[in-house]
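Colleague: For the sequence shown, the residue numbers in my numbering are 22 to 356.
In this text, a Cβ means the ideal position worked out from N, Cα and C, and glycines have one as well.
Please read these numbers as outputs of a predicted model, since none were measured by experiment.
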Amino acid sequence: MMAITAHFVPHLGDGPLWPNNSWEEAEICKNYWWTNLLFISNFVDVKYQCLILSWYLSCDIQFFVIGVIVVYLYTKNPKYGITLLGTIIGLSISVPFIITLLTGREGLDSIIIPYIVSMRNILSLNESYRPSYMRATPFFVGLAMSFVVEKMKEKKVKFSQTVVHGGLFSICTFTLWVQCYGAVFYERNRPYYPLEHALYSTICHCTWAVAGIWITTSYFTSGYGLLDNLFNNRFVAILGKLSYHILLVNITVMQTSQSSQRLPVHLSSRYVFDSYFYDVFICYLMAIILYLVVHEPFVKLTNKLFYQRKIISSFKNGTPIKKPATCSSKTVKKD
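#1: Would you identify the three-state DSSP class for Pro40, choosing helix, strand or coil?
#2: Would you kindly work out how many angstroms separate the C-alpha atoms of Thr194 and Gln200, rounded to a whole number?
#3: Within 10 angstroms of its Cβ, does Ala24 collect 16 or more other Cβ (buried), or is it exposed?
#4: Note down the Cα distance separating Ala346 from Phe327, rounded to an integer number of angstroms.
#5: Excluding the 5 residues preceding and the 5 following Val92 in the sequence, name in chain order all residues of the same chain whose CB lies nearer than 8 Å to its CB.
#6: Where in the stretch 60-136 do unbroken runs of the alpha helix (DSSP H), each at least 4 residues long, occur, reported from the N-terminal end onward?
#7: Since Tyr312 and Leu263 are thought to touch, with beta carbons under 8 Å apart, how far apart are those beta carbons, to the nearest angstrom?
#8: Quick one: grab the DSSP three-state call for Ser191.
#9: Of the choices Ser191, His266, Ala308, whose alpha-carbon is the least far from that of Val231?
#10: Could you say if the stretch 81-98 and the stretch 151-161 meet the contact criterion of at least three C-beta pairs nearer than 8 Å?
#11: Comparing alpha-carbon positions, which option in Leu284, Ser289, Ile90, Trp55 lies nearest Asp35?
#12: Identify which residue in Arg211, Leu59, Gly111, Phe302 has its Cα closest to the Cα of Leu260.
#13: Just to confirm before moving on: does the CB-CB distance between Tyr207 and Ile267 stay below 8 Å?
#14: Taking buried to mean at least 16 other C-beta atoms within 10 Å of its own C-beta, is Leu197 buried or exposed?
#15: Taking Arg291 as part of the alpha helix (DSSP H), name the residues at either end of that continuous run.
#16: Can you tell me whether DSSP reads Val286 as helix, strand or coil?
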């Protein structure tokens with residue numbers, strides 16, 4: 022995607038807005054691609070990261086590396102693993118609170134006109150939103166809940182459908198309330214309350230993670246009744262496989278649509294509706310191409326290389342190779 026943005030997208034269109042957007046993005050990708058390759062774009066030259074959403078991938082890999090260490094320690098000594106994970110969760114909760122409180126930052130990164138004009142020029146966004154230590158809580162709480170779910174499955178703990186759906190409604194109501202509460206930070210001349218902003222900066226990143234934790238916990242321990250058919254649906258599984266590729270292409274698609282405009286537009290309901298579905302269609306089309314041409318061939322090649330190496334090593338050592346274990350999940354069977 023970095024190569025496409027740097028070398029192909031600039032030649033796909035023109036217009037008065039095209040040089041300031043597409044060509045500028047191309048030059049940034051040519052000069053700062055290495056920060057993406059090393060997954061440090063959320064710390065090094067943040068303002069010039071190739072692909073505006075690449076900070077998410079950097080955070081994800083950084084969390085994954087730490088998560089591997091935690092899981093390894095947990096498998097060797099559960100007590101030490103839980104202690105380390107608990108310490109990390111405590112730090113991930115306290116660090117955003119302390120930083121926001123001491124620096125006087127906003128608890129919410131407000132989407133204002135300068136943000137819309139250039140997403141790279143918001144200093145608070147670069148310092149408060151993208152660093153991994155400011156948004157680590159959801160990942161490590163989710164990791165902790167995976168250990169809890171395994172214990173619940175071992176002990177065959179199940180919730181009734183009333184608890185499952187009632188809990189889902191309650192948690193989603195709470196998470197939506199937290200997100201909607203952020204509207205108060207847009208009020209003009211509103212006094213700055215440090216404690217309020219510090220608390221909100223800590224909680225707002227965890228809302229959807231809390232809902233996701235409840236959904237997955239309920240699904241793997243108790244099920245969702247009729248909704249299981251939706252979760253196990255082949256079409257939903259396909260959309261899930263494309264979600265990562267949608268993340269990679271959606272900003273590029275939106276910038277291309279905006280940069281190709283030649284006349285002022287009126288944001289009528291019809292215009293917004295048409296633009297939305299056009300961008301969604303192009304995003305999924307590009308995501309499908311990216312998945313079929315790049316992702317799937319490389320996944321199969323990697324699996325073949327590593328599995329072939331395992332077979333060769335097995336023959337040299339005189340140990341039989343076993344077939345990969347298959348999962349009994351309905352989703353995997355249908356997929």
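Modeller: In brief:
#1: If you number the sequence shown from 1, residue 40 lands on position 19. Three-state DSSP puts Pro40 in a helix.
#2: For the purposes of this step, residue 194 is taken as the residue at position 173 of the sequence shown. For the purposes of this step, residue 200 is taken as the residue at position 179 of the sequence shown. The alpha-carbon of Thr194 is positioned some 10 Å away from that of Gln200.
#3: What you label residue 24 is simply residue 3 of the sequence shown in a count that begins at 1. Exposed, because fewer than 16 other Cβ atoms sit within 10 Å of the Cβ of Ala24.
#4: The residue labelled residue 346 in the question sits at position 325 within the sequence shown. The residue labelled residue 327 in the question sits at position 306 within the sequence shown. Because the pLDDT of Ala346 is 49, which lies under 50, any placement of that residue in the model is unreliable, and the question is left without a value.
#5: Here residue 92 refers to the residue found at position 71 of the sequence shown. Excluding residues within five positions, the ones whose Cβ falls inside 8 Å are Gly102, Leu164.
#6: 75-97, 99-124
#7: Here residue 312 corresponds to residue number 291 of the sequence shown, with the count starting at 1. Here residue 263 corresponds to residue number 242 of the sequence shown, with the count starting at 1. Right, their Cβ atoms sit about 6 Å apart.
#8: Here residue 191 refers to the residue found at position 170 when the sequence shown is read from its first residue. In this structure, Ser191 counts as helix in the three-state DSSP scheme.
#9: If you number the sequence shown from 1, residue 231 lands on position 210. Cα-wise, what sits closest to Val231 is Ser191.
#10: Yes: at least three Cβ pairs fall under 8 Å.
#11: Working through the sequence shown from its first residue, we reach residue 35 at position 14. It is Leu284.
#12: Within the sequence shown, residue 260 is the residue found at index 239, counting from 1. Ranking Arg211, Leu59, Gly111, Phe302 by Cα distance to Leu260 puts Phe302 first.
#13: Along the sequence shown, read from residue 1 onward, the residue named residue 207 stands at position 186. Along the sequence shown, read from residue 1 onward, the residue named residue 267 stands at position 246. It is not a contact, given that the beta carbons lie outside the stated cut-off.
#14: Locating residue 197 in the sequence shown gives position 176, where the first residue counts as 1. Classification of Leu197: exposed, given that the 10 Å Cβ count is below 16.
#15: For the purposes of this step, residue 291 is identified with residue 270 of the sequence shown, where counting begins at 1. Its alpha helix (DSSP H) spans residues 290-311.
#16: Here residue 286 is taken as the residue at index 265 of the sequence shown, counted from 1. DSSP places Val286 in the coil class of the three-state scheme, outside both helix and strand.
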